[in-house]
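Here's the structure we're looking at; comments come further down.
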Amino acid sequence: MTEKLDLQPNEPLSVKVERHRAVYLAAVNGEGGADMDQGANARMEIIRHAPSDQDERDQKLLYVSGYLIACKGRLNPEEMELLLSGSISLSGH
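Everything in the sequence shown is counted per the working numbering, starting at 173 for the first residue and increasing by one.
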């Protein structure tokens, strides 16, 4: 992986989740020319998302864990580190 892994808060988490869901389902169903690389890129946007508050942090973790359970997938070490670093960065948590 050559891209720099930084947290990215530029769009709302809900937009990133919807994009990932749509691309992933299209790739799985062979629709619209979507492929699993696009799904992985959309998932990475969620992992790189910097939560703005505790609720958004929880939503992010819940979505990623649900996705991993549903697809029987796993995160690579860099993704796990980034996911966890963004999840504990809120003050007091």
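From the three backbone atoms N, C-alpha and C, an ideal C-beta is built for every residue, glycine too. Everything numeric in this text was worked out from a predicted model, so none of it was measured.
| Query | Result |
| --- | --- |
| Residue environment, I241, which counts as buried when at least 16 other CB atoms sit within 10 Å | exposed |
| 6 Å CB neighbourhood of D227 in its chain, flanking five on each side removed | none |
| Delimiting residues of the alpha helix (DSSP H) encompassing R246 | Per DSSP, R246 belongs to no alpha helix (DSSP H) and is neither H nor E. |
| Reduced DSSP secondary structure (H/G/I, E/B, other) of A199 | helix |
| CA-to-CA distance, L197 to S237, given in whole angstroms | 17 Å |
| Continuous alpha helix (DSSP H) stretch holding E217: start and end | M208 to R220 |
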